[in-house]
Amino acid sequence: MEEQGQLEELDKKYVWHPFTQMKDWEREKTVIIASGDGSYIEDVEGKRYLDGVSSLWVNIHGHRKKEINDAIKSQLDRISHCTMLGLSNVPAIRLAERLIKMMPGGEAGKVCEESGVRSEESEDFTSCLTPHPSRLTKVFYSDNGSTAVEVALKMAFQYWLHKGVKGKNSFLSLRNAYHGDTLGAVSVGGVDIFHEVFGPLLFRTFKAPSPYCYRCEGGEKFPGCSFFCLDEMENILAANHDEIAAVIVEPLVQAAGGMIVFPPGYLRGVRDLCTRYNVLLIADEVATGFGRTGRMFACEHESVVPDMLCLSKGITGGYLPLAVTVTTEEVYNAFLGDFRDLKTFFHGHSYTGNPLACAAALACLDIFEKEDPLRNLQPRIETLEDGLREVSGLAHVGEARNRGLMAGVELVRDKATKEPYPWEEKMGWRVANHARGKGLFIRPLGNVLVIMPPLGIGEPDLRWMLAVIGEAIKKVSA
Numbered sequence: 031m032e033e034q035g036q037l038e039e040l041d042k043k044y045v046w047h048p049f050t051q052m053k054d055w056e057r058e059k060t061v062i063i064a065s066g067d068g069s070y071i072e073d074v075e076g077k078r079y080l081d082g083v084s085s086l087w088v089n090i091h092g093h094r095k096k097e098i099n100d101a102i103k104s105q106l107d108r109i110s111h112c113t114m115l116g117l118s119n120v121p122a123i124r125l126a127e128r129l130i131k132m133m134p135g136g137e138a139g140k141v142c143e144e145s146g147v148r149s150e151e152s153e154d155f156t157s158c159l160t161p162h163p164s165r166l167t168k169v170f171y172s173d174n175g176s177t178a179v180e181v182a183l184k185m186a187f188q189y190w191l192h193k194g195v196k197g198k199n200s201f202l203s204l205r206n207a208y209h210g211d212t213l214g215a216v217s218v219g220g221v222d223i224f225h226e227v228f229g230p231l232l233f234r235t236f237k238a239p240s241p242y243c244y245r246c247e248g249g250e251k252f253p254g255c256s257f258f259c260l261d262e263m264e265n266i267l268a269a270n271h272d273e274i275a276a277v278i279v280e281p282l283v284q285a286a287g288g289m290i291v292f293p294p295g296y297l298r299g300v301r302d303l304c305t306r307y308n309v310l311l312i313a314d315e316v317a318t319g320f321g322r323t324g325r326m327f328a329c330e331h332e333s334v335v336p337d338m339l340c341l342s343k344g345i346t347g348g349y350l351p352l353a354v355t356v357t358t359e360e361v362y363n364a365f366l367g368d369f370r371d372l373k374t375f376f377h378g379h380s381y382t383g384n385p386l387a388c389a390a391a392l393a394c395l396d397i398f399e400k401e402d403p404l405r406n407l408q409p410r411i412e413t414l415e416d417g418l419r420e421v422s423g424l425a426h427v428g429e430a431r432n433r434g435l436m437a438g439v440e441l442v443r444d445k446a447t448k449e450p451y452p453w454e455e456k457m458g459w460r461v462a463n464h465a466r467g468k469g470l471f472i473r474p475l476g477n478v479l480v481i482m483p484p485l486g487i488g489e490p491d492l493r494w495m496l497a498v499i500g501e502a503i504k505k506v507s508a
C-alpha cells in the first residue's frame, strides 16, 4: 500500500480533475481509492465508503463483479483491440444482437391492447398509447455518452439531407438538459453554469421549458397545468419544425440538471409532437438506461420508441468506456447508396466497438438475465422512497424526488419560498463532505444531493445511507 502523503502530493502536483475548482482541491485532503467490492470503495488508508453514486452512475452491479472480471480476462487471451474500420469483431457483433433484441419497441412494444394501456402512475387512462411504428435495429458504436450524442446529432442532420429535405439544420432541447461535454452535446445542453461560458463556440438550438414541476417556469402546478411545458414545446415546433432535425431529451429524469423527474405523460407527449411535426426524437439514456428507473430503459415506462437511443455509462457495468447510438432501419437506409454518392456516415472513433469493452458489456447483460436485478428492485425502491419521505420533512429540503433508484434531494434556504442557497455557499458540497466523514460517498449537483447506488445495494445499506444524508443535512444547515 502506497503512502497517502506521497500519492496526495503527486496528485496535487500533476493531476487536473474534472468539474473541480483546483484551488479548493489543493487545500483539502484527497481521498485516494485503492480498491472496491460490491457497493463499497476503499481508500489507501483502509477506510471504506458506501458508493452512493455508483462512481458517477456507471457501476450498476457494484465493484469487482466476478462475471465481468472473468469476461475481460477471457477476452484478453484472444484480442484486446482491433479497428472496426474495414473489420469487425466477435464481441461487437454479439453485443449488437443482444442490444437490439432488448430495445424499446421490440417485446416492450407489445403493450398496446384493444382496451388501452393504463400507465403506472395514473388510473385515469382513456386511450391506447400506440408505440411509434419504427423499430430500433442498427447499432453504431462509440466510446462515451458525449460521443453517443454527437453521433445522433450528426446522423439526424445528415439523414434529412439524404432524404432531400433542406433546412433542417437545428435541434430542440430542454432547459436544464445535460447531454455531455463535447461541443455538439454542449450545444443541446441547458445547464448554464456548465455551458454558458462556451456560448461563442456553440451552434444555434431551440430551447423548450424543462418539465421541472418543483420550479415550473410557468408558475403552474401539475396536473392542473395541462402540461404547460409541452404546450411551449409545441409552439416552438409549430413555428420552426422546418428548421429542426430532431428533439433530444433525457427520458424521465434530467440527471445532471439536478435529478429532475418528469411528470407522467410528458415523455409520451414529446414522442407524439415529434411524429406530428415530422422531426426525429433522440432519447439520451446514458444516465437512465440499464435499470436505473426500474425498467431496463426509461422509454419503456410510457411505451415510447425514439428514432435514436444513446447509451453508455452502465453498459459495461462501469468497467470500460463504451457507448452506442441505436437507430431505425429508416434512418440507416437513408445512408445507403453508391460509393460516388457520398452518403457514407463519415464518423468513427479509434476504439469503436472495442472487443474488451464489448465483452464486459455482454457480461453485464448476462448478469441482468441470470440475477434479474430488476425483478428484485421494487423493495429497494420502496426503501429509498420511505427514506426520501423522512428527509423531505427537514427544514431545508425543498423536494426529495426519485424515479426508480435515481434520486435527488434539493436543498433550499427557505422551504416556504423555495429560495435556493447561493451557489458560492457550496451547501451541497458541505453536506456531501459531512457524509463522507461518516463513510458515505455522494457527489452533489449544486444544491441537489444525488443518490444513485448500485442496483444490488442491500436494503440495510440503503436505509443507512438515507439516515446519514438526513443527519448531514441537519448538521450542516444548522
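Numbering (this note's numbering), first residue to last: 31 to 508. Heads up, the beta-carbon is just placed ideally off N, CA and C, and yes, glycines get one too.
DSSP three-state assignment for residue i, whether helix, strand or coil
i      : result
Pro9   : This structure does not reach residue 9, given that the chain is present from 31 up to 508, and the question cannot be answered.
Lys168 : strand
Gln36  : helix
His290 : The identity of residue 290 in the sequence shown is Ile, whereas the question assumes His. DSSP places Ile290 in strand when its eight states are reduced to three.
Pro490 : helix
Asp107 : coil
His225 : helix
Leu159 : Confidence at Leu159 is low in this model, with a pLDDT of 34, below 50, so its placement is unreliable and no value can be given for it.
Phe258 : helix
Arg431 : strand
Glu56  : coil
Gly220 : coil
Ala508 : coil
Ala182 : helix
Glu143 : Reliability of the predicted coordinates at Glu143 is poor, the pLDDT of 32 falling under 50, and the value obtained from them is presented with this limitation in mind. Residue state, collapsed to three classes: coil.
Tyr242 : coil
Phe187 : helix
N-terminal and C-terminal residue of the alpha helix (DSSP H) that residue i is part of
i      : result
Cys388 : Pro385 to Glu401
Val88  : Element bounds for Val88: n/a, residue is neither H nor E.
Arg370 : Here Arg370 belongs to no alpha helix (DSSP H), and DSSP marks it neither H nor E.
Ala437 : Where Ala437 is concerned, there is no enclosing alpha helix (DSSP H), although the beta strand (DSSP E) it sits in stretches over Met436 to Asp444.
Cβ-Cβ distance between residue i and residue j below 8 Å
i      : j      : result
His91  : Leu479 : no
Thr357 : Leu166 : yes
Ile472 : Gly82  : yes
Leu303 : Leu339 : no
Leu414 : Leu492 : yes
Gln34  : Ile62  : yes
Ala178 : Thr318 : no
Ile98  : Cys388 : no
Trp459 : Pro474 : yes
Val421 : Leu470 : no
Lys237 : Arg205 : yes
Gly214 : Gly324 : no
Val88  : Gly348 : yes
Gly66  : Arg94  : yes
Lys456 : Val498 : no
Ser217 : Ile290 : no
Span of the beta strand (DSSP E), counted from its first residue to its last, around residue i
i      : result
Phe528 : Because the chain spans 31 through 508 in this model, residue 528 falls outside it and cannot be assessed.
Thr358 : Ala353 to Thr358
Glu72  : Tyr70 to Asp73
Ile312 : Leu310 to Asp314
Ile274 : Ile274 to Val279
Integer Cβ distance of residue i from residue j, believed to fall under 8 Å
i      : j      : result
Arg431 : Ala437 : 7 Å
Leu392 : Val334 : Actually they do not touch by this definition, with Cβ atoms about 26 Å apart.
Lys198 : Ala275 : 4 Å
Gly383 : Asn119 : 6 Å
Any chain C beta carbon closer than 8 Å to residue i
i     : result
Gln36 : Protein chain content of the structure displayed is limited to a single chain, and chain C is not contained in it.
Could you tell me whether the segment 175-192 touches the segment 283-299, where touching means 3 or more Cβ pairs closer than 8 Å?
-> no
Pairing CB atoms from the segment 106-122 with CB atoms from the segment 303-314, are three or more of them under 8 Å?
-> no
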